[in-house]
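Since the structure comes first, as structure tokens, the remarks are kept for the end.
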Amino acid sequence: MLHIDALTHTYTASGLEARTVLQIDTWTVERGAQVLLRGVSGSGKTTLFNIIAGLLRPTHGMITLDGRALYSMGESARDRFRAARIGYIFQTHHLMPGFTVLENLLMPMQFAGVIPAHQRNERARSLLDHVGLSAHLHHRPNQLSTGQRLRVAVARALVNRPAMLLADEPTAALDPDNADRVMTFLQESCRDSDAALIVASHDPALAARFPTRLDLRAGRLSPESDTSVREPHTIIESAPA
Amino acid sequence: MSYDLFLAWRGLRARPVSTIITLVIIALAIALPITVLTLGDGARQGIIRASDPFGVLVVGAKGSGQQLVLSTILLQGAPVGNMRTSVFESLQADPRAALVVPLALGDNVGGARIVGTSDALLQLRPTVNEPPAFRIASGAFFAADYQAVLGAGAAQSLGLGIGDQFAAAHGVERGLDDDVHETPYTVVGIFDETQSPYDDAVFVSVSSVWKAHEAEGADPGLSALALVPVAASDQLTAALVKPVGFIEANQLWQTFAAGTEAQAAFPGQELGALFDLLAQGERILTIVGYLVLVIAGLTVFLSLYSAIAARQGAIALMRSLGADRLTIFRVVILEALLITLIGALVGRVTGYGASVAIASILSTGSSIPIPIRFLPSLEPLLWLLPIGLGLLAGIIPAVQAYRVDVIEKLFPA
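Chain order of the listed sequences is A and B.
Counting in the working numbering, the first sequence runs from 180 upward without gaps.
Counting in the working numbering, the second sequence runs from 544 upward without gaps.
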């Protein structure tokens, strides 16, 4: 499903020293796997997600998703691939301002083009119904609470039936009950569609939900339990600018 | 493409004030040349149509030929002056003139010009094969002094009918209420419509006009208060001359051009000079219109530029949701095109609407019809210009949107 090989990412800024934020030798996440990625702020979780999502070309390394080498594709092809195969729940939710809840779900379907046009509306409504927002279809993001915005973001990430779902601190702004509900929905949805789920969070309450837990410390992955991390401590020493 | 259009539309709707201001400026830029050019065209058509019923040479006092034609054919402005009746008499005797119609102007009733003339008027035809221009609709032509025949428009605007009486006032336009002649006129007939400015005139005998002024001992040659030349007993304002043929028309014109007593003017020629004046005005106003269009282009650019700057986060989000750079570029260009096209459409409606309204007001006041026609020749330019400007104004903001760095905007450090 997801295979990362010899990944290094270094931020360079003029006048500042180059800073290597990710160094992962190899990592595989199988289809249907559910992984909790833990790490403190600045540990590289979001950078790793952006690289997996095809938004940020790594300094070095190969990312293969669903058998396709992400950064061997042209940018447009990668954009389409992301729309079709990857769901991404941003930490700050990021809904389209000025567009209704329903339109926020229709947009990625339109860009991906994997769901037939005549099924899109029904698909969006059904997902919004699942996250308890059927009464808010025509509301704008600024008319929703933080929790409701998160639920829209969750529904939007699932709308194209992605093969990989990335969720960056999805429960950070929720109370425990709502956090539990959202996580249950996310995990069940991914289980139902056999999608891989990687959740980045430092919420200790989530630990029990994930058999596979990894720590990301200073850009390096280390396992908390077995599973999908192989050679987690292998570090790529060279970090070219 | 239809989804791109939807996104472009939503982009415009997201900033209603800026969109409406831009739209209004584009619409004005399109409306201005349309209004100027259609009114100019309408005025030309109206003047041509207004001078149609006669096909004559106008002979009147020396002075401005244009003023002579305007005051006698279009019944606009003050007459040039008066000519001696001997000129008219010699024209009547001239074998080169098939028909000579006398005109004695200088009085009005309720703003309708009183035209002192003779029954020769009834023989005027646009062309030989056409029926006479002036036909009695009801009553009869005047047979005695102080009898009047009303043009169709004058009958309506004055609210007079056969048997009614009215008092003539000095001057060619409505003046003071007490500046009137003592002897009243009696309406004896009403003309059919001629579709000319003469529809708004009142026709009486030349001798009625003379008598009206003699009776009051007015200064011959000037109307008492209105300071308008008026035909006194040995004077006429002008004569409409129907020459025997084309050659004779030119000969007559040359005769008067060489003489000192009067001038002859071809309405078409004089109006042609008027058209040149109109064209000059049109050119200036059209250039102003195009300048407004350039300003409109700049407004589109500024509006889009600031909108894109404010929307970089949303653009980055769209990219993260799968929109490629070209889609973003297309949406911004479509946004520019959409607003310019809507503006161009609104501009057309406004332009033609304003033309019709202005034409209606102007023709009511002047009795010259100003027909407003759709001008297809303007269309290619007035579509291509806003489209070109829209594209031009959209390119820099579109490139700006194309270059948005997704990571930088979605995850500011």
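Backbone N, C-alpha and C define an ideal beta-carbon position, used for all residues, glycine too.
Predicted model only: the values in this text are computed from it and were never measured.
Boundaries cannot be given for residue 687/B, as no alpha helix (DSSP H) includes it and DSSP labels it neither H nor E. By the Cβ neighbour-count rule, residue 708/B is exposed, with fewer than 16 other Cβ atoms within 10 Å of its own. Listed in chain order, the alpha helix (DSSP H) elements of length 4 or more contained wholly in the segment 214 to 282 of chain A are 224 to 231, 254 to 264.
According to the DSSP assignment, residue 328/A belongs to the alpha helix (DSSP H) that extends over 325 to 337. Using a Cβ distance threshold of 8 Å, residue 186/A and residue 226/A do not count as a contacting pair. Here DSSP, grouped into helix, strand and coil, assigns residue 657/B to strand. Taken in chain order, the members of the segment 865 to 887 of chain B whose beta-carbon sits within less than 8 Å of a beta-carbon on chain A are 865, 866, 867, 868, 869, 870. With a threshold of 8 Å between beta carbons, residue 300/A makes no contact with chain B.
Proximity of chain A to residue 851/B at the Cβ level (cut-off 7 Å) is not reached, the minimal Cβ distance being about 14 Å. Contact with chain A is absent for residue 945/B, since none of that chain's Cβ atoms lies less than 8 Å from the residue's Cβ.
Looking at the backbone, the Cα of residue 251/A and that of residue 920/B are separated by about 54 Å. For the pair of segments examined, the segment 647 to 661 of chain B was found not to touch the segment 631 to 639 of chain B: the number of CB pairs separated by less than 8 Å stays below three. Under the three-state reduction of DSSP, residue 619/B is assigned to coil, being neither helix nor strand. The straight-line gap separating the alpha-carbon atoms of residue 243/A and residue 342/A is approximately 13 Å.
When 7 Å is used as the limit between beta carbons, residue 273/A is near these residues of chain B: 860, 953, in chain order. Interface residue (Cβ-Cβ distance to chain B less than 8 Å): residue 290/A is classified as such. With a beta-carbon spacing of about 16 Å, residue 784/B and residue 647/B fall beyond the 8 Å limit used to define contacts.
By the C-beta density criterion, residue 321/A is exposed, having fewer than 16 other C-beta atoms within 10 angstroms. Near chain B, meaning a CB-to-CB distance below 7 Å, the residues of the segment 209 to 237 of chain A are 225, 229, 234, 235.
Residue 545/B: member of the alpha helix (DSSP H) spanning 545 to 556, first to last residue.
Scanning chain A for C-beta atoms nearer than 7 Å to the C-beta of residue 557/B yields 277, reported in chain order. Residue 272/A and residue 190/A have their C-alpha atoms spaced approximately 24 Å apart. Interface flag for residue 574/B against chain A is unset, since no Cβ pair is found closer than 8 Å. Measuring C-alpha to C-alpha distances from residue 627/B to each of 704/B, 779/B, 657/B, 831/B identifies 779/B as the nearest.
For residue 942/B, no Cβ of chain A is located within less than 8 Å of the residue's own Cβ.
With contacts defined as CB atoms closer than 8 Å, residue 734/B and residue 600/B fail to qualify as a contacting pair. For residue 198/A, not one C-beta of chain B is nearer than 8 Å to its own C-beta. Contact between residue 338/A and residue 287/A holds: CB atoms are separated by about 6 Å, below the 8 Å threshold.
Below the 7 Å Cβ cutoff, chain A contributes 289 as neighbours of residue 546/B, in chain order.
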